[in-house]
Amino acid sequence: MDIEQFRKAGYDAIDRICDYYYSLRERPVVAQVEPGYLRPLLPERAPEKGEEWSNIADDYQKLILPGLTHWQHPSFFAYFPTASTFEGMLGDLYSSSTANPGFNWSASPACTELEAVVMDWAARMFGLDSAFLNDNNAGGGVIQTTASDSALTAIVAARVRYITEHPDTPLESLVIYVTTQTHSFGKKAGLVLGLRVRALDVDAGLREHRWALNGEGLKAAVEQDRAKGLHPFVLIATVGTTSSGAIDRIADVGAVIRDNYPSIWLHVDAAWAGITLACPELREEAQLSGINEYADSLCVNFHKWGLTNFDASALWVRDRRRLIDALDITPEYLRTKHGDAGTVVDYRNWHLSLGRRFRSLKLWFVLRSFGIEGFQSYLRRCISLNNAFAAHVRDSPIFELVTPPSFALTVFRLLPSQALPNGDGDVAHVNALNRSFWTALQTRHQLLLTQTEIGGVFCVRLAVGAARTEIADIENAWRIIENVGQEVLESLSDYTVAKQSQ
Numbered sequence: 454m455d456i457e458q459f460r461k462a463g464y465d466a467i468d469r470i471c472d473y474y475y476s477l478r479e480r481p482v483v484a485q486v487e488p489g490y491l492r493p494l495l496p497e498r499a500p501e502k503g504e505e506w507s508n509i510a511d512d513y514q515k516l517i518l519p520g521l522t523h524w525q526h527p528s529f530f531a532y533f534p535t536a537s538t539f540e541g542m543l544g545d546l547y548s549s550s551t552a553n554p555g556f557n558w559s560a561s562p563a564c565t566e567l568e569a570v571v572m573d574w575a576a577r578m579f580g581l582d583s584a585f586l587n588d589n590n591a592g593g594g595v596i597q598t599t600a601s602d603s604a605l606t607a608i609v610a611a612r613v614r615y616i617t618e619h620p621d622t623p624l625e626s627l628v629i630y631v632t633t634q635t636h637s638f639g640k641k642a643g644l645v646l647g648l649r650v651r652a653l654d655v656d657a658g659l660r661e662h663r664w665a666l667n668g669e670g671l672k673a674a675v676e677q678d679r680a681k682g683l684h685p686f687v688l689i690a691t692v693g694t695t696s697s698g699a700i701d702r703i704a705d706v707g708a709v710i711r712d713n714y715p716s717i718w719l720h721v722d723a724a725w726a727g728i729t730l731a732c733p734e735l736r737e738e739a740q741l742s743g744i745n746e747y748a749d750s751l752c753v754n755f756h757k758w759g760l761t762n763f764d765a766s767a768l769w770v771r772d773r774r775r776l777i778d779a780l781d782i783t784p785e786y787l788r789t790k791h792g793d794a795g796t797v798v799d800y801r802n803w804h805l806s807l808g809r810r811f812r813s814l815k816l817w818f819v820l821r822s823f824g825i826e827g828f829q830s831y832l833r834r835c836i837s838l839n840n841a842f843a844a845h846v847r848d849s850p851i852f853e854l855v856t857p858p859s860f861a862l863t864v865f866r867l868l869p870s871q872a873l874p875n876g877d878g879d880v881a882h883v884n885a886l887n888r889s890f891w892t893a894l895q896t897r898h899q900l901l902l903t904q905t906e907i908g909g910v911f912c913v914r915l916a917v918g919a920a921r922t923e924i925a926d927i928e929n930a931w932r933i934i935e936n937v938g939q940e941v942l943e944s945l946s947d948y949t950v951a952k953q954s955q
């Protein structure tokens, strides 16, 4: 493909993408294909000779689009949102067009310097302490791939710090702390690093605390483990857990660490909810003061609720030396004059891989295009839409909230009194009822939600965040959910008999 052919194909691709977004609302949210659908439609081998580009582009429309689940659909309420804005798409296009690996400053100075600037823009937008700014030359921010990589990077730095301070500590005695609400990447980090992982229980008896870790629970766990000769060295606390939107008490656990166990690294995973720090009225709930005072590192995913296309996970550290001490490997072929002089940031020493994409370009485009006011307006609208859905749940005689709404997340379940022949405490019966409800809901391809289990309770999550979701989409989702709930109940003899006897 020469330059002019690329120009023509590019115009055509933009037209097709625009047509896709125009038609998005009319498409089913969930891909209408069965496992293995694609292989019979494709040749066994790559073509010997190159094909016409128009045929390839047509096959994308015909073969690939039908197999996509549409995360940008206005009725996509599953997991957490993944951003896809036109500004971000253009940033990715420009980034791909130059393909700079950006492993050190000399590889492409703009890649490094723009990242340092936009990470400081974001830090200031969130109200982060100046310790987390790149321009103070102490801490700073770096763009990682995902929250999993951000956490793994922080854990590696925490391990090196702990072993440096306690050189006789056996590696097999080190313990990573997560909670029973922490994302699964905590346990995966243990598998990758060959370390113990302990999930601190925030499920049993802590519903009044909204499944959040507090300082008392942390201190009890540390004392138990130390008595066994174990060494907890890092805690992953969460602002906005995946299952319930729970928010750990960052200031509380941070004070316990500082006053009693200063060698424990506090990593705050705010991958989804951290973006709310852009709104001053949400900062107290999002634990900003605790983060600023106690966190050693913080992760916020712009590619979730931050209007920036995947992938773009922002990681801030209070002390950049901890990352560099843990990750700096500089063979001769990577040495540069500026790096040796220490006058530039070499971001390859701030994460696990060597090469890296020019992710800061799309974040720069998005921050400039939307501005802080645009971010705030988008977040407030999503929260308002979620509140409208939660109000329906509260008012419903057949549903209940399992947890209080958390920003733009509602966790609920089917719970009519008529459907409880064995009493309200029969968890197994209610869980079975809700699994039936969930199974029936999955057949409605006009929307997509996800299920979870919290403290042994099976429930359903609705997360608002698609940029094109409107109040009409919320109302439509509620109608479908309510109808499915009624259909499930009417299929149960216990419910039907109880209802007729009223």
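The sequence shown begins at 454 in my numbering and counts up by one. Using N, Cα and C, we set each Cβ at its ideal position, and we do this for glycine too. No experiment lies behind these values; they were computed from the predicted model shown.
Task: Nearest to T905 (by Cα), restricted to the options Y532, R480, L494 - done: Y532
Open item on the list: If I measure Cβ to Cβ from T729 and keep anything under 7 Å in the same chain, skipping five residues before and after, which residues do I get?
Closed with: Only L735, A739, L832, F860 meet the Cβ criterion.
Open item on the list: For a test of the three-state rule: what should DSSP assign to G876, helix, strand or coil?
Closed with: With a pLDDT of 48 at G876, under the threshold of 50, the predicted position of this residue should be treated as unreliable, and no value is reported.
Open item on the list: Between A466, E501, E487, S528, which has its C-alpha nearest F842's C-alpha?
Closed with: S528
Open item on the list: I'd like the span of the beta strand (DSSP E) that includes H720, first residue to last.
Closed with: Residues 718 to 722.
TODO: Quick one: measure Cβ to Cβ for I907 and V864, integer angstroms, because I've assumed they're closer than 8 Å.
DONE: That pair is a contact at about 7 Å.
Open item on the list: Quick check on the burial criterion: 16 or more other C-beta atoms within 10 angstroms. Buried or exposed for V880?
Closed with: exposed
Task: contact_flag[the stretch 931 to 942, the stretch 496 to 513] where n(CB pairs < 8 Å) is 3 or more - done: no
Task: Those residues which DSSP pairs with C912 across a bridge - done: Answer by DSSP bridge pairing, in chain order: T905.
- [ ] Would you kindly work out how many angstroms separate the C-alpha atoms of V917 and N839, rounded to a whole number?
- [x] 6 Å
Open item on the list: I'd like the list of long-range same chain contacts for F530, defined as Cβ closer than 7 Å, with 5 residues on each side in sequence excluded.
Closed with: L900, L901, L902, L915, A916, V917, A930
- [ ] Answer with buried or exposed for L659, where buried requires no fewer than 16 other C-beta atoms within 10 angstroms of its C-beta.
- [x] Here L659 scores only 47 on pLDDT, less than 50, and its place in the model should not be relied on; the value that follows carries that caveat. That one is buried.
Open item on the list: Quick check on this structure: which residue in S601, W524, A893, I467 has the alpha carbon closest to the alpha carbon of H804?
Closed with: S601
- [ ] Would you give the residue range spanned by the beta strand (DSSP E) that V675 belongs to?
- [x] It is not in any beta strand (DSSP E) - V675 instead sits in the alpha helix (DSSP H) that spans 668 to 680.
Open item on the list: I want to know whether the stretch 564 to 576 touches the stretch 645 to 655 - three or more CB-CB distances under 8 Å.
Closed with: Because the criterion of three Cβ pairs below 8 Å is not met, the stretch 564 to 576 and the stretch 645 to 655 do not touch.
- [ ] Give the straight-line distance between the Cα atoms of G876 and T896, rounded to the nearest whole angstrom.
- [x] Note that G876 has pLDDT 48, beneath the 50 cutoff, so the model's placement of it is unreliable and the number below is only indicative. Using only the alpha carbons, I get a separation of about 29 Å.
Task: Nearest to S603 (by Cα), restricted to the options G698, L751, S559 - done: L751
Task: Inter-residue Cα distance where the pair is A510 and A552 - done: One C-alpha to the other measures close to 22 Å.
- [ ] Could you check the C-alpha separation between Q714 and G668 for me, to the nearest Å?
- [x] First, the amino acid is wrong: residue 714 is Tyr here, not Gln. Whole-angstrom Cα-Cα distance: 12 Å.
Open item on the list: At the level of alpha carbons, what is the spacing between D926 and P519?
Closed with: 22 Å
- [ ] Leaving out five residues on either side along the sequence, give the residues of the same chain with a beta carbon under 8 Å from the beta carbon of S583.
- [x] N589
Task: Cβ contact check for the stretch 668 to 679 and the stretch 608 to 622: 3 or more pairs under 8 Å - done: no
Open item on the list: Give me the DSSP bridge partner(s) of P922.
Closed with: Residue identity check: residue 922 is Thr in the sequence provided, not Pro. In DSSP, T922 forms no bridge with anything.
Open item on the list: Based on DSSP bridge pairs, tell me the residues matched to L627.
Closed with: H684
Task: DSSP state of I851 mapped onto helix, strand, coil - done: coil
Open item on the list: Suppose you measure from the CA of V645 to the CA of L605; what does that come to, to the nearest Å?
Closed with: If I take the Cα positions, the gap works out to 9 Å.
Open item on the list: Per DSSP, what are the beta-bridge partners of Q597 in this structure?
Closed with: According to DSSP, which records beta bridges pairwise, Q597 is partnered with S766.
- [ ] Would you mind reading off the limits of the alpha helix (DSSP H) that contains F638?
- [x] Here the alpha helix (DSSP H) through F638 covers 638 to 646.
Open item on the list: Considering only DSSP beta bridges, list what C752 is partnered with.
Closed with: D722, L768
Open item on the list: In this structure, how does DSSP classify S859 when only helix, strand and coil are distinguished?
Closed with: strand
Task: Nearest candidate by alpha-carbon position, reference L867, set D848, R847, T856, F890 - done: Selected option, being the one with the closest Cα: F890.
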